[in-house]
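In this note's numbering, the protein residues as written are 3 to 195.
We put the beta carbon where it would ideally sit given N, CA and C, even for glycine.
One structure is given here, and the rest of the page talks about it.
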């Protein structure tokens with residue numbers, strides 16, 4: 003089943019061609035894991051008058067961290083296609099004296115097409131809140147922050163036990179130190195080359 007399907011038209015920023023984008027969360031694409039449904043996207047051929055749609059054989063993940071789910075889009079005041087989605091979490095956050103909570107909405111992302119590729123970039127109005135530069139020593143994991151870095155092959159970035167590195171042209175991650183004892187979830191990821 004395709005949960006939360008959304009189809010919309012975008013102009014390729016490079017070629018100027020009109021492209022149809024399909025965004026959805028199909029169920030059961032990774033059986034055997036607790037998170038077996040993921041947000042997927044593809045450029046498609048769609049005829050609104052007849053409702054004919056041609057979907058390529060290969061869909062792409064919206065986010066290769068695989069926690070993003072059930073994306074929905076709207077147009078903002080500037081006409082940009084903006085996506086907000088649910089980010090799942092394997093366990094609830096519990097603090098003494100507070101209600102526990104699980105999952106959250108992701109930062110709004112502007113969807114753009116460039117040379118047959120779909121990009122999901124943080125909305126510029128959100129981006130403005132991350133303007134102050136700090137050192138790694140000043141980093142407070144209890145506060146929102148944006149990290150910008152350049153990774154080189156085999157160098158590892160460790161953010162609170164979430165390890166990120168580049169190998170063979172693929173961004174790879176390992177969060178097994180963050181989610182110890184949760185082998186039923188995906189703990190290792192990689193992007194396409």
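Unbroken beta strand (DSSP E) run spanning residue i, endpoints
i           : result
residue 116 : 111–116
residue 124 : 119–124
residue 169 : 164–169
residue 13  : 4–13
residue 71  : 70–77
Whole-angstrom C-beta distance between residue j and residue i, which should lie under 8 Å
i           : j           : result
residue 161 : residue 149 : 7 Å
residue 190 : residue 176 : 5 Å
Cutoff 8 Å; reference residue i; Cβ partners in own chain excluding five residues on either side
i           : result
residue 94  : 102, 103, 104
residue 158 : 165, 166, 167
residue 77  : 83, 84
7 Å CB neighbourhood of residue i in its chain, flanking five on each side removed
i           : result
residue 193 : 66, 172, 173
residue 88  : 71, 72, 105, 107
residue 6   : 26, 27, 72, 73, 74
Buried versus exposed, by CB contacts within 10 Å (16 or more), residue i
i           : result
residue 64  : buried
residue 40  : buried
residue 31  : exposed
residue 145 : exposed
residue 111 : buried
residue 26  : buried
residue 188 : buried
Own chain partners of residue i with C-beta closer than 6 Å, once the 5 adjacent residues on each side are dropped
i           : result
residue 163 : 179, 180
Task: Given 8 Å, three or more beta-carbon pairs between the stretch 41–59 and the stretch 142–158 - done: no
TODO: Kindly confirm or deny that the stretch 112–129 and the stretch 37–49 touch, where touching means at least three C-beta pairs closer than 8 Å.
DONE: yes
Open item on the list: Across the stretch 10–27 and the stretch 66–83, are there enough close Cβ pairs to call them in contact, namely three or more that are closer than 8 Å?
Closed with: yes
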